[in-house]
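Working notes, beginning with the structure itself.
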């Protein structure tokens, strides 16, 4: 009997010393392992329509490339925007679209929360022994979203090679850390804006103005939008830490609007804070959830 | 014709039930319009005139584009005509039983949707643009009617394209890939992300002749009273739109007959 039990829930045995530590690690990793398993399931499902998958990946890639073209055209006409040259502009664009692309790949599906609530499939998720957030985020995970991330990273590489920057290991590490923070900030924004659908069904599109709108906003040096907007995307919705502050950090440039210089180093702290907010909002939403009964 | 009018009215009423979604849509379209407009204002601050366009022209075009999203559904990256899903699931069988043409039926329903969208989502979005920015509004009844005609033709083209994408499902089983390409590339070549006047002239002039431009660029130029429209004025623009509407709807009729002759309905 004890034997069967152990086989069903491995890692759940109350061991001593080493076993306790392993238990803690397993518990911590559990959502990520669950996510991986569900995502792989959806990858295999998507592979059943290979032509559609190929076309969709191609579409996403073409979409990114046309946006790159638009950035080049804009800078071609304007020369510089907010003191940024075309390659510096592409750096901002690539930082924004890679962060949003990666966040979209891993967490973008949460925007379909309203759909799950409406159809009742959210109820089914609640009775499974996997975190509902993991299930909603992994839902319809599709490799086609790599079609956005890969070209964005290529553009990032091209921009980084062509901007005038003195590289050091410290700077590379800082860049990696700010990019990771950017991904976390975008994911948290995705989760928070999706939670609105716990309260207002059919508000999915309003969430888009924050998620995709946020991406559109951060694709250009945000100083061009004027001081008020820059302040609100720094202190209210911290979109400035996705592409603008990281770009200032890499280029080692004073803030054109005279905002404090230490801001560019606070990305990781902002990311952690926002993720905590997202967790809180998700839990609150979940507690307010009432099944539609369908 | 009475059937079509009834379907049109039902389409209009059906969409009037999603009030929260309509408000959310106005918000989203306005936010995107504002961001897009501010980028263009920054460009025109550096260079006040680009290929005959000034800042006001560009911002007007941005909001014409945002206003027409709900009319033409040009940014649909997923099927925005129920027909596509009905072809995939096989429910199309019951549509084919009706004693009206498939395309006419869906056109009537979609025009109902477009009418509701224009009045309750498109116009409010445009008004937000008028309040926040310097935007050209049609002066006089004549110009307004010509613009309205252009919007109607844009709605026809928007429908005809989406009908053709849906028909792809008869051959491909899953038309989502075609929709994705439409939604991501369509808005760019239509002049929605950037006015085509900002593109390199050879590319811009070529794109201007395609049906996608007829859904944003041409209506915007008709509103702005530009003379680089085909034929040098609003009538030339309308003629180009009318030509594309006729060609695409004709292709729709032809491909419907090919597809339905090919489709096998397996009872049950």
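Chains as they are written, first to last, in my numbering: chain A, 1 to 294; chain B, 295 to 562. For every residue, glycine included, the Cβ atom is placed at its ideal position computed from N, Cα and C. Predicted, not measured: the structure shown is a model, and the values here were computed from it.
Worksheet item: In this structure, what does DSSP give as the bridge partners for residue 344(B)?
Response: Mapped onto the second chain, residue 344(B) falls at position 50. Partner(s): 347(B).
Worksheet item: So is residue 413(B) buried or exposed if we call it buried at 16+ other beta carbons inside 10 Å?
Response: Residue numbering aside, residue 413(B) sits at position 119 when the second chain is read from its first letter. Its Cβ having fewer than 16 others within 10 Å, residue 413(B) is exposed.
Discussion item. Going by the DSSP bridge assignment, what does residue 410(B) pair with across the sheet?
Written reply: If you number the second chain from 1, residue 410(B) lands on position 116. Looking at the DSSP assignment, residue 410(B) forms no beta bridge with any residue, so it has no partner.
Worksheet item: What's the call for residue 521(B), buried or exposed, on a 16-neighbour Cβ count within 10 Å?
Response: Numbered from its first residue, the second chain carries residue 521(B) at position 227. Its Cβ having fewer than 16 others within 10 Å, residue 521(B) is exposed.
Item to complete: Could you please tell me which residues of the stretch 214-226 of chain A, in chain order, have their CB closer than 7 Å to any CB of chain B?
Response: 216, 217, 220, 224 and 225
Worksheet item: How is residue 556(B) classed by DSSP in three states: helix, strand or coil?
Response: Along the second chain, one-based indexing puts residue 556(B) at 262. Of the three classes helix, strand and coil, the one that applies to residue 556(B) here is helix, per DSSP.
Practice prompt. Pick out whichever of 210(A), 292(A), 165(A) and 290(A) has its Cα sitting closest to the Cα of residue 91(A).
Written response: Start at 1 with the first residue of the first chain, and residue 91(A) comes out as number 91. It is 165(A) whose Cα lies nearest to the Cα of residue 91(A).
Item to complete: Have a look at 163(A), 50(A), 102(A) and 217(A) and flag the residue whose alpha-carbon is nearest the alpha-carbon of residue 88(A).
Response: As a position in the first chain, residue 88(A) is number 88, starting the count at 1. For the residues 163(A), 50(A), 102(A) and 217(A), the minimum Cα distance to residue 88(A) belongs to 163(A).
Worksheet item: For residue 556(B), which option in 363(B), 515(B) and 390(B) has the closest C-alpha, if you only look at C-alpha atoms?
Response: On the second chain, position 262 is the one that residue 556(B) refers to. Cα-wise, what sits closest to residue 556(B) is 390(B).
Item to complete: Give me the Cα-Cα distance between residue 333(B) and residue 225(A), rounded to the nearest whole angstrom.
Response: Against the second chain, residue 333(B) aligns to sequence position 39. Against the first chain, residue 225(A) aligns to sequence position 225. Roughly 7 Å between the two C-alpha positions.
Worksheet item: From the beta carbon of residue 482(B), is the nearest beta carbon of chain A less than 8 Å away?
Response: In the second chain, residue 482(B) corresponds to position 188, counting from 1. Yes, residue 482(B) lies at the interface with chain A (some Cβ there is under 8 Å from its Cβ).
Fill in: Burial state of residue 27(A) (16 or more Cβ within 10 Å)
Your numbering for residue 27(A) matches position 27 in the first chain. So residue 27(A) counts as exposed.
Item to complete: Spell out whether any CB of chain B is found under 8 Å from the CB atom of residue 49(A).
Response: Along the first chain, one-based indexing puts residue 49(A) at 49. Chain B contact via Cβ: present.
Discussion item. Determine whether the beta carbon atoms of residue 447(B) and residue 542(B) lie at a separation below 8 Å.
Written reply: Walking along the second chain from the start, residue 447(B) turns up at place 153. Walking along the second chain from the start, residue 542(B) turns up at place 248. Not a contact, by the Cβ cut-off of 8 Å.
Item to complete: Indicate the three-state DSSP secondary structure (helix, strand or coil) for residue 81(A) in the structure shown.
Response: Numbered from its first residue, the first chain carries residue 81(A) at position 81. Looking at residue 81(A) - three-state DSSP - the assignment turns out to be strand.
Worksheet item: So, does the CB of residue 474(B) fall closer than 8 Å to a CB anywhere in chain A?
Response: Mapped onto the second chain, residue 474(B) falls at position 180. So yes, residue 474(B) belongs to the interface.
Item to complete: Could you check if residue 172(A) is buried or exposed, using at least 16 other CB atoms within 10 Å of its CB as the buried criterion?
Response: Taking the first residue of the first chain as position 1, residue 172(A) is located at position 172. Under this definition residue 172(A) is an exposed residue.
Worksheet item: Beta-carbon of residue 340(B) versus every beta-carbon of chain A: anything under 8 Å?
Response: Locating residue 340(B) in the second chain gives position 46, where the first residue counts as 1. It does: the Cβ of residue 340(B) has a partner Cβ on chain A nearer than 8 Å.
Practice prompt. Please compile the residues from chain A whose C-beta is within a distance smaller than 7 Å of the C-beta of residue 470(B).
Written response: For the purposes of this step, residue 470(B) is identified with residue 176 of the second chain, where counting begins at 1. By Cβ distance, chain A contributes 52 and 56.
Fill in: Same chain, Cβ closer than 7 Å to residue 200(A), five either side skipped, listed in chain order
Counted from its first residue, the first chain places residue 200(A) at position 200. Hits under 7 Å: none found.
Fill in: Straight-line Cα distance separating residue 203(A) from residue 366(B)
Counted from its first residue, the second chain places residue 366(B) at position 72. Counted from its first residue, the first chain places residue 203(A) at position 203. Rounded to the nearest angstrom, the two C-alpha atoms are 21 Å apart.
Discussion item. Output needed for residue 4(A): all residues of its chain with C-beta closer than 7 Å, excluding positions within five of it in sequence on either side, in chain order.
Written reply: As a first step, residue 4(A) must be located in the first chain, where it is residue number 4. Note that residue 4(A) scores 40 on pLDDT, short of 50, meaning its location in the model is unreliable; the coordinates nonetheless yield the value given after this. Closer than 7 Å at Cβ, skipping near neighbours: no residue.
Worksheet item: At least one CB of chain A closer than 8 Å to the CB of residue 326(B): is that the case?
Response: Indexing the second chain from 1 puts residue 326(B) at position 32. Residue 326(B) counts as touching chain A.
Discussion item. Considering only their Cβ atoms, is the gap separating residue 144(A) from residue 51(A) smaller than 8 Å?
Written reply: Position 51 of the first chain, counting from 1, holds the residue named residue 51(A). Position 144 of the first chain, counting from 1, holds the residue named residue 144(A). Not a contact, by the Cβ cut-off of 8 Å.
Practice prompt. Kindly give me the distance between the Cβ atoms of residue 256(A) and residue 177(A), rounded to whole angstroms, as I take these residues to be in contact under 8 Å.
Written response: Walking along the first chain from the start, residue 256(A) turns up at place 256. Walking along the first chain from the start, residue 177(A) turns up at place 177. Actually they do not touch by this definition, with Cβ atoms about 23 Å apart.
Worksheet item: For residue 73(A) and chain B, any beta-carbon pair shorter than 8 Å?
Response: For the purposes of this step, residue 73(A) is taken as the residue at position 73 of the first chain. By this cut-off, residue 73(A) is an interface position.
Worksheet item: Does DSSP classify residue 391(B) as helix, strand or coil?
Response: As a working note, residue 391(B) is residue 97 in the second chain. Residue 391(B) falls in the coil class under three-state DSSP.
Discussion item. For the stretch 125-135 of chain A against the stretch 210-230 of chain A, do three or more pairs of beta-carbon atoms, one drawn from each stretch, fall closer than 8 Å, so that the two count as touching?
Written reply: no
Worksheet item: Since residue 221(A) contacts residue 82(A) with CB under 8 Å, what's their CB separation in whole angstroms?
Response: Position 221 of the first chain, counting from 1, holds the residue named residue 221(A). Position 82 of the first chain, counting from 1, holds the residue named residue 82(A). Indeed they touch by this definition, with Cβ atoms about 4 Å apart.
Discussion item. Using the three-state DSSP reduction, which class does residue 332(B) fall into: helix, strand or coil?
Written reply: Taking the first residue of the second chain as 1, we reach residue 332(B) at position 38. Looking at residue 332(B) - three-state DSSP - the assignment turns out to be helix.
Worksheet item: If we count Cβ pairs, one from each stretch, closer than 8 Å, do we get three or more for the stretch 442-458 of chain B versus the stretch 491-509 of chain B?
Response: yes
Worksheet item: With a Cβ-Cβ cutoff of 8 Å, do residue 397(B) and residue 457(B) count as a contact?
Response: For the purposes of this step, residue 397(B) is taken as the residue at position 103 of the second chain. For the purposes of this step, residue 457(B) is taken as the residue at position 163 of the second chain. In this structure, residue 457(B) lies closer than 8 Å to residue 397(B) by Cβ.
Practice prompt. Just the C-alpha distance for residue 298(B) and residue 402(B), rounded to the nearest angstrom, thanks.
Written response: Start at 1 with the first residue of the second chain, and residue 298(B) comes out as number 4. Start at 1 with the first residue of the second chain, and residue 402(B) comes out as number 108. Near 6 Å, if we compare the C-alpha coordinates of residue 402(B) and residue 298(B).
Worksheet item: Taking residue 371(B) as the reference, which of 72(A), 70(A) and 55(A) has the closest Cα?
Response: The residue labelled residue 371(B) in the question sits at position 77 within the second chain. For residue 371(B), the nearest C-alpha among the options comes from 55(A).
Worksheet item: Which of helix, strand or coil does DSSP assign to residue 462(B)?
Response: As a working mapping, residue 462(B) is identified with position 168 in the second chain. Residue 462(B): coil per DSSP, three-state reduction.
Practice prompt. Can you say whether residue 111(A) is buried or exposed, counting buried as having 16 or more other CB atoms within 10 angstroms of its CB?
Written response: As a first step, residue 111(A) must be located in the first chain, where it is residue number 111. Residue 111(A) is buried by the Cβ-count criterion.
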